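What follows is a single structure, written as structure tokens, with notes after it.
Chains as they are written, first to last, in my numbering: chain A, 1 to 116; chain B, 117 to 230.
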């Protein structure tokens with residue numbers, strides 16, 4: 001079974017600065033997807049960014065980018081120019097690309113605080 | 117409205133009572149999931165379904181029952197609620213093809229068992 005670990009229960013960053021959230025995972029599969037989800041106080045789960053394991057290029061979405069290290073099984077999220085609206089719980093998630101593996105496995109989450 | 121909706125948003129129930137959480141999606145997604153969210157544990161999978169009439173256990177299925185008679189609905193039933201089932205419950209759905217890999221989540225149901 002796959003596992004996802006987020007070793008930072010809480011992180012804080014000053015507004016306009018950069019922060020990196022860590023995520024590691026364990027799998028024996030070679031083809032899979034990785035995601036970062038954001039959960040603001042409203043509880044809604046919002047997809048931030050996704051990475052296909054077969055792609056070597058790191059995914060980028062505006063101020064959000066990832067550092068995907070497949071051999072090290074590491075998938076960190078970098079938030080640049082942090083904004084107050086970025087404050088939320090962030091979850092790393094894994095999904096197998098196989099036909100039997102559509103379920104998402106989540107990490108424990110990292111609570112991000114953005115200080116003005 | 118298109119999307120995935122859960123009901124109720126909030127529920128308080130007594131120990132030993134049966135309670136059902138509803139989930140409805142309008143995309144005809146093949147896969148549907150139920151997760152529970154607890155502090156320090158992230159989201160843990162309770163049950164999932166690959167299609168109508170096909171369900172399977174996730175990581176924490178004990179005390180829960182699911183059914184999926186129609187593609188769009190995936191209710192979760194707590195047969196005899198316990199205090200340890202106090203949690204926030206999320207329903208999610210996703211498509212079968214490998215282009216659309218994103219899972220879409222409902223708004224969550226906060227369940228309190230007293």
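For each residue, glycine too, the CB sits at the ideal point set by N, CA and C.
No experiment lies behind these values; they were computed from the predicted model shown.
Taking a C-beta distance under 8 Å as the contact criterion, residue 227 of chain B and residue 134 of chain B do not qualify as a contact pair. Residue environment: residue 126 of chain B is assigned as exposed (fewer than 16 neighbouring CB atoms within 10 Å of its CB, all protein chains considered). Comparing C-alpha distances from residue 73 of chain A to each of A:29, A:109, A:8 and A:19 shows the shortest one belongs to A:29. Here the alpha carbons of residue 225 of chain B and residue 198 of chain B stand approximately 16 Å from one another.
Restricting attention to B:129, B:130, B:142 and B:177, the CA atom closest to the CA of residue 189 of chain B is found in B:142. With a threshold of 8 Å between beta carbons, residue 219 of chain B makes contact with chain A. Along the length of the region 44 to 102 of chain A, whole beta strand (DSSP E) runs at least 3 residues long occupy 46 to 52, 64 to 69, 74 to 79 and 88 to 96, reported in chain order. As computed with DSSP, residue 158 of chain B is found in a beta bridge with B:154.
In chain order, 45, 46, 88, 89, 90, 91 and 109 place their CB closer than 8 Å to the CB of residue 39 of chain A, counting only its own chain and leaving out the 5 sequence neighbours on each side. DSSP places residue 4 of chain A inside the beta strand (DSSP E), whose first and last residues are 3 to 5. Interface with chain B (8 Å Cβ-Cβ cutoff): residue 25 of chain A is excluded.
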